[in-house]
Amino acid sequence: MFEISFIPAFKDNYIWLLHRDRRAFVVDPGDAAPVLARLEADGLGLEGILITHHHADHQGGVAALTERYPVPVFAPAAESITGCTHPLFGGESIEVLGCPVQVMAVPGHTAGHIAYLAGDRLFCGDTLFGAGCGRLFEGTPAQMVASLDAIAALPLATQVYCAHEYTDVNLRFALAVEPDNRAIQARLAKVAELRGAGLPSVPSTLAEEKATNPFLRCRENDVMAAAVRHGATEVSPVAVFAAIRAWRNVF
Ligand SMILES: [Zn+2]
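Each step along the sequence shown adds one to the number in the working numbering, with nothing skipped, and position 154 is 149.
Here it is as structure tokens:
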């Protein structure tokens, strides 16, 4: 299996660098310059690019990277992606640095958003975040709930490599939703320690997310009650998710 490290980009993006034997892939290179610098510094040759969705901070570096390295670009078929060579819908299996990678359709943040599962490592773009989830720019609450349910069905040890460092603010919101949740309180302290030391809070495990992420906890009594206090008129998972997501947008 390949190793994984990160390349920071913009204010709070993580570009994931997958590497093995001096060969590399990158996930969601929104900016080419830090990727090119890192490949050079580490003596790595780029062999492919994985894109989760069309937002500029995820694909903005593709043109400059493929100019220097004419490599395959795997990306959602349903979205407009610069230089896409391998359009994907979800359900496919692709090979990355000799490892099988499953493609999952996870619409909600955008209409064609996909995620990549390599063994127990999940690259989920802006679908699931540390203690949070992406905004619904294009999809519906029902689509996002189905996408999060598909992720929640993966093994608890799955490592969640999301694309932004949002965990701290997300946990503050999670605590507003569930003030008595000790797992959230403990994770908030742990993340404060990591961030204070200049370390990323990502990846997390799916087990941590299920214990602390309100968007994966829409069937929990306390989350349902909070949703009702914030406008949900019923406690179906979709209605609870929609109310919690709308509250998060103004938190
Ligand atoms: Zn996005």
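From the three backbone atoms N, C-alpha and C, an ideal C-beta is built for every residue, glycine too. Quick caveat, the model's predicted, so the values are computed rather than measured.
{"Item": "Exposure of Glu90, with buried meaning 16 or more beta-carbon neighbours within 10 Å", "Value": "exposed"}
{"Item": "Length at least 3, wholly inside the stretch 100 to 140: the beta strand (DSSP E) runs in chain order", "Value": "109 to 113 and 116 to 120"}
{"Item": "CB contact check: Phe20 to chain B, cutoff 8 Å", "Value": "Note that chain B does not occur in the displayed structure, where there is just one protein chain."}
{"Item": "Member of Ala184, Tyr156, Ala202 and Val172 whose CA lies at the smallest distance from the CA of Arg243", "Value": "Val172"}
{"Item": "Nearest-angstrom beta carbon gap, Ile109 and Asp71 [assumed within contact, 8 Å]", "Value": "Note that residue 71 is Pro in the sequence shown here, rather than Asp. So it is a contact: roughly 5 Å between Cβ atoms."}
{"Item": "Close beta carbons around Pro29, own chain, < 6 Å, minus the five adjacent residues each side", "Value": "Ile2 and Ala4"}
{"Item": "DSSP beta-bridge partners of Thr200", "Value": "Gln154"}
{"Item": "Proximity test, Asp121 beta-carbon vs ligand 1 heavy atom, cut-off 7 Å", "Value": "yes"}
{"Item": "8 Å Cβ cutoff met for Gly125 and His104", "Value": "no"}
{"Item": "Segments of 4+ residues assigned as alpha helix (DSSP H) that fall wholly inside the stretch 53 to 81", "Value": "57 to 63"}
{"Item": "His53 CB to nearest heavy atom of ligand 1 below 7 Å", "Value": "yes"}
{"Item": "8 Å contact criterion, which Ala58 and Gly78 should meet: CB distance rounded", "Value": "6 Å"}
{"Item": "Residue environment, Ser75, which counts as buried when at least 16 other CB atoms sit within 10 Å", "Value": "exposed"}
{"Item": "Top-ranked residue by Cα proximity to Ser0, from Pro82, His53, Ile46 and Pro198", "Value": "Pro198"}
{"Item": "Between the CA atoms of Ser88 and Leu183 - distance to the nearest angstrom", "Value": "36 Å"}
{"Item": "Beta-carbon spacing of His49, Gly25 below 8 Å", "Value": "no"}
{"Item": "Unbroken alpha helix (DSSP H) run spanning Phe168, endpoints", "Value": "Thr162 to Val172"}
{"Item": "Arg18 - containing beta strand (DSSP E), residue span", "Value": "Arg18 to Val22"}
{"Item": "Coarse secondary structure for Asn216, derived from DSSP in three states", "Value": "helix"}
{"Item": "Start-to-end residues for the beta strand (DSSP E) that takes in Leu13", "Value": "Asn8 to Arg15"}
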